[in-house]
Ligand SMILES: [Zn+2]
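Numbering (the numbering used here), first residue to last: 32 to 292.
In structure tokens:
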């Protein structure tokens, strides 16, 4: 696990698996943890990271309902979890789904966890909207298309954008279950002015980006999505794992063959 400071009020913790990012944001005497690392030792270390930084924990936020972003309660068991209304709806429609997928991951990788995941009380936040932290505001913008749900968080006073599973330097755009190309492109258009204003962009997976690099990835991703199903993979994201994601994207964006009559 890696910890990087982006601003006096913003830290990013990166998990050893899928470079999953967790953003810790403080203002005054409040502090939110957005998304989560994955492995038990990383989650166990999280409260100490906050304590060391002098950030007093307030609550959890999650950018979307994919299980690898929802593990904050394993580090802060009694904490409230705030999510977009779309994410709350998805969690309600799939009760226990995140815990099941976490168990499957743990079984596959022989990971032992001291306790199972329980999401507890989930608070649905209106998006677009905002969430107060100290005397500042976290601006929430809809971010769907990768999945049917989600939000991006703009930390305006620090010029940091936490965008969930978009603008990744290690993963091509993934049109997942419930996602769509049109919604994905609309999200990228919505994020563009924030990317232009950002000092740093924190993607759900991969290194923190400066604004210029994030803008370049945004352009690559728009081109890739617009050309699907015939798109070429972006130059720096062509590993076998990315080809698998690409094949799934092609299936989701190909018209079914015209039936002969
Ligand atoms: Zn993810």
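Here a beta-carbon is modelled for each residue, glycine too, at the ideal position from N, C-alpha and C. Predicted model, so just to flag it, every value in this text is computed and none were measured.
In this structure, residue 195 keeps its C-beta atom at 8 Å or more from the C-beta atom of residue 242.
Assignment of residue 154 by DSSP, reduced to helix, strand and coil, places it in the strand class. A Cβ-Cβ distance of about 18 Å is found for the pair residue 41 and residue 222, leaving them out of contact under the 8 Å criterion.
Exposure of residue 271 is indicated by the presence of fewer than 16 other C-beta atoms within 10 angstroms of its C-beta. Relative to ligand 1, the beta carbon of residue 99 is positioned inside 7 Å of a heavy atom. Under DSSP, residue 58 forms a beta bridge with 61.
DSSP places residue 188 in the helix class (H, G or I) of the three-state scheme.
If the five residues before and after residue 246 are omitted, its C-beta is found closer than 7 Å to the C-beta atoms of 226, 227, all from its own chain and listed in chain order.
Listed in chain order, the non-local C-beta contacts of residue 60 below 6 Å within the same chain comprise 87, local neighbours out to five positions each way being set aside. Under the three-state reduction of DSSP, residue 247 is assigned to helix. For residue 238, the shortest separation between its Cβ and any heavy atom of ligand 1 does not lie below 7 Å. Taking a cut-off of 8 Å for Cβ pairs, the stretch 253-272 and the stretch 201-218 touch, as three or more such pairs fall below it. In the structure shown, residue 223 adopts helical secondary structure according to DSSP, grouped into three states. Taking a C-beta distance under 8 Å as the contact criterion, residue 153 and residue 115 do not qualify as a contact pair. For residue 163, the three-state secondary structure derived from DSSP is strand. Here residue 210 is buried. Its C-beta has 16 or more other C-beta atoms within 10 Å. In the three-state DSSP reduction, residue 147 falls in the coil class, being neither helix nor strand.
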